[in-house]
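Student: Residue numbers (the UniProt record's numbering): 1 to 183. All C-beta atoms in this analysis are idealised placements derived from N, C-alpha and C, irrespective of residue type, glycine included. Just passing along the structure, written as structure tokens.
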């Protein structure tokens, strides 16, 4: 009798486990369907309809720019967002958004700093993170110089690497230098 009760309890446990697992799998399916729908909505919003479609005579899969090495005249290639692109994001809602970061505190140097060459400058800089752009507002009103060997310069200078052989820089700005350009 004890063996019969224990076999019945084992059967109940197996049925309970099977029911639990089937409910868990069914719930996952609903979640996947909901996520698929959310991804489709996001893709519809991101991938706007083309103003002009490029009609091809042959139903080949190859794109026109692959055949000719360039896009057809008066067209611009636009990469469409694909389902996998959206699914790689941390969440569907966060796809394409930047992470909120705090604005870095610039490190400054005394603006009245003179070096041994008589070069006077003021700088502000940030370090220690990855940056994907920079901007500067330069207000230049008739920069004056007193002697021919002087110059006035306002620039944005972006550096990558160290000050050794791996230094990369981009500089943009405004300069008045009579001895350089005779202006």
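Name the two residues that bound the continuous alpha helix (DSSP H) containing residue 167.
Tutor: Note, residue 167: premise wrong, no alpha helix (DSSP H); not H, not E.
Student: According to DSSP, is residue 157 helix, strand or coil?
Tutor: Correct three-state label for residue 157: strand.
Student: Taking the continuous alpha helix (DSSP H) assigned at residue 88, which residues delimit it?
Tutor: It spans 83-88 - the alpha helix (DSSP H) in which residue 88 sits, taken as one unbroken run.
Student: With a 10 Å radius around its C-beta and 16 neighbouring C-beta atoms as the bar for buried, classify residue 45 as buried or exposed.
Tutor: Exposed, since its Cβ has fewer than 16 Cβ neighbours within 10 Å.
Student: CB residue 155 to CB residue 133, shorter than 8 Å?
Tutor: Taking 8 Å as the Cβ cut-off, residue 155 and residue 133 do not qualify as a contacting pair.
Student: Would the stretch 134-143 count as touching the stretch 153-169 if we require 3 or more Cβ pairs under 8 Å?
Tutor: Touching, yes.
Student: So what does residue 177 bridge to, in DSSP terms?
Tutor: Answer by DSSP bridge pairing, in chain order: 151.
Student: Thinking C-alpha only, which one of 8, 145, 91, 47 is nearest residue 82?
Tutor: Of 8, 145, 91, 47, the residue nearest in Cα terms is 47.
Student: If you run the structure through DSSP and keep just helix, strand and coil, what is residue 127?
Tutor: Reduced to three states, the DSSP call for residue 127 is coil.
Student: Distance, Cα to Cα, residue 131 vs residue 175?
Tutor: Their Cα atoms are separated by approximately 26 Å.
Student: If you draw a straight line from the alpha carbon of residue 166 to that of residue 128, how long is it in whole angstroms?
Tutor: Roughly 17 Å between the two C-alpha positions.
Student: Considering Cα atoms alone, identify which of 35, 75, 123, 74 is closest to residue 89.
Tutor: The shortest C-alpha separation from residue 89 is found at 35.
Student: In whole angstroms, what separates the C-alpha of residue 163 from that of residue 122?
Tutor: Computed Cα separation, rounded: 19 Å.
Student: Identify which residue in 161, 91, 168 has its Cα closest to the Cα of residue 42.
Tutor: Minimum Cα distance to residue 42 is reached at 91.
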